[in-house]
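S.K.: The structure under discussion is supplied below as C-alpha cells; questions concerning it will follow.
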Ligand code: IPM
Ligand code: MG
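Residue numbers (this note's numbering): 4 to 391.
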C-alpha cells in the first residue's frame, strides 16, 4: 500500500497549491486601465518553428501601424529573447527566470507559437510554455472569435484558461505500473470570473445569447460546479438568453447548418474550449485563420491559435506559413490596449486581404504566396485603406 500513500501525499500537495492559488486570485485588484498609463510596453516573443516567420510579419505590421505611438514613446516594443525550445531545454526550465522577468516587465505580450516537447523527442519533458505562461501570468480568459459571413456564423468563445484538466496537466501520478491518475479542478472564483467576462462582453456588444458548454452529466463535480456558477452569473443578465449544452452535441451542432448560426457567445472549461476552438477555426477555414487572446487582470497575451507547425518546417515550407492568425491576434491586442482605430484599420485590411477573391493567397504550400509576399500585400493595403 505504500504506493497509495505516495500518491495520496502527492495529491495532498496539489490540493495545498490549489488553495494557495485561490488566495492569490482573491488578492488581485481590478483590470489594468491602459488609458491611465503613460506608456504601454508590448513584449514580442518569436517562438519556435514557423514562429519567427509569422512574427516578422506581425512586427512589420505593428511598426507600420504604431509609427507615431512608438516615436512619441506612448508605445514601447521589447523583443523578448530566450523564449525558444532550445533555450528552455538548455535551462531545463519552461520559463527561465530572466525570460519571465522580461515578460513581466511588459504590459502585454504578442507571442509566436512555442514547441512543447513530446514523448520520444530529444528535449526534456518540460511543461508547455504556453500553459505555464497562462498560469504564471494568471491569464484566465482565452477569448477566440470565429466569423463566417456566408454562413451567418459569428461566435466568440470564452475558454477558461487556467483551471480544469490543465492546472495539473503535468502533475498526474502513476500510482502503480498499471494505474495512472490525472487531476482536474474547478473553483467558484475561476468559474465566476470567466462567466462574468463573457456575459459582460455579450452585454457590451449587444449579443443576445450565451451558451454554456460542459459535460456535467458525467463529470459531475467539476463540470457541475462550472455549469452552476455560470447559471448563477446568468441571473444577473435578464436580457440575455442562456442555454447549456454537453460538449459532444455542441461539437456536432457547430457543424450543423441549421444550428450553427444560433450560437453567439460560448463559455467553456479549459479542455473543451481547447478542442471546440480548433474545430471552430477549422470551420472558418483552418487554424491558421483565427486569433487568440489570453486575458488576465494585470497581463494579457495575444497569440495565433495554431502551434509551431514542425511538419511544415521539416517539409521546408516555413516561408509559406500563414501569418493571418497572428495578425488577427494583433487586432485583438490593439483593441485591448485601447488603440481602437489602428485595430479597426488592421481588421478591415485583413478582411480584404483574406477575401476569397483576393489575388494573393497563402496556402501553406508552394502554390500559394510566401509569408513575405502576403505581408507586403497587407502593408500595401494598410497604406491605402480609409476605415469605414
Ligand atoms: C491552444 C493550444 C495550447 C493548448 C497548446 C499549445 C498547449 O492548443 O492554445 O489551444 O492546449 O491550450
Ligand atoms: Mg488548442
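Glycine residues also receive a C-beta, built at the ideal position from the N, C-alpha and C atoms. From a predicted model like this one, the values you see are computed outputs, not experimental measurements.
#1: Grab the span of the beta strand (DSSP E) containing residue 178 for me, first residue to last.
#2: Exposed or buried, what is residue 4 when buried is set at 16 or more other beta-carbons lying within 10 Å of its beta-carbon?
#3: So, at 7 Å on beta carbons, what are the nonlocal neighbours of residue 246 in its own chain, with the 5 sequence-adjacent residues on each side left out?
#4: Hey, would you say the C-beta of residue 133 is under 7 Å away from at least one heavy atom of the ligand IPM?
#5: To the nearest angstrom, how far is the alpha carbon of residue 249 from that of residue 216?
#6: At which residues does the alpha helix (DSSP H) containing residue 58 begin and terminate?
#7: Just the C-alpha distance for residue 168 and residue 311, rounded to the nearest angstrom, thanks.
#8: Can you grab the Cα-Cα spacing for the pair residue 105 / residue 142, in whole Å?
#9: How is residue 98 classed by DSSP in three states: helix, strand or coil?
#10: So the beta strand (DSSP E) residue 109 belongs to, where does it begin and stop?
#11: Going residue by residue through the segment 301-370, where are the continuous alpha helix (DSSP H) segments of at least 4 residues, counting only ones entirely within it?
#12: Assuming contact is defined by CB atoms lying nearer than 8 Å, are residue 263 and residue 256 in contact in what I supplied?
#13: Tell me whether the segment 61-81 and the segment 329-338 touch, counting them as touching only if at least three CB pairs, one residue from each stretch, are closer than 8 Å.
#14: Cα-Cα, which of 203, 269, 102 is closest to residue 240?
#15: When every heavy atom of the ligand MG is checked, does at least one fall within less than 7 Å of the C-beta of residue 51?
#16: Going by DSSP in three states, residue 217 sits in which element: helix, strand or coil?
#17: Less than 8 Å between the C-beta atoms of residue 155 and residue 276, yes or no?
#18: What number of angstroms, rounded off, separates the C-alpha of residue 99 from the C-alpha of residue 82?
#19: Taking all protein chains shown into account, do 16 or more other C-beta atoms lie within 10 angstroms of the C-beta of residue 208, making it buried, or fewer, making it exposed?
#20: Taking 7 Å as the cut-off, is the C-beta of residue 105 nearer than that to any heavy atom in the ligand IPM?
#21: Going by DSSP, what residues sit across from residue 161 in a beta bridge?
#22: So which residues put a beta carbon under 6 Å from any heavy atom of the ligand MG, going in chain order?
#23: Please classify residue 222: does DSSP put it in a helix, a strand, or coil?
#24: Using 8 Å for Cβ pairs, my map puts residue 111 next to residue 305. What's the rounded Cβ distance?
M.R.: In short, the structure shows the following:
#1: DSSP places residue 178 inside the beta strand (DSSP E), whose first and last residues are 176-179.
#2: exposed
#3: Result list for residue 246: 214, in chain order.
#4: yes
#5: 6 Å
#6: 54-68
#7: Going from the Cα of residue 168 to the Cα of residue 311 covers about 22 Å.
#8: 17 Å
#9: coil
#10: Element bounds for residue 109: n/a, residue is neither H nor E.
#11: Taken in chain order, the complete alpha helix (DSSP H) segments of 4 residues or longer contained in the segment 301-370 are 313-317, 327-339, 343-356.
#12: yes
#13: yes
#14: Of the candidates 203, 269, 102, 203 places its Cα closest to the Cα of residue 240.
#15: Residue 51 has its Cβ no nearer than 7 Å to any heavy atom of the ligand MG.
#16: strand
#17: Going by C-beta atoms, residue 155 is not nearer than 8 Å to residue 276.
#18: Rounded to the nearest angstrom, the gap between the Cα atoms of residue 99 and residue 82 is 16 Å.
#19: Under a 10 Å Cβ-count criterion, residue 208 is classified as exposed, with fewer than 16 other Cβ atoms of the shown protein chains found around its own Cβ.
#20: no
#21: 146, 270
#22: 277, 281
#23: Residue state, collapsed to three classes: coil.
#24: 7 Å
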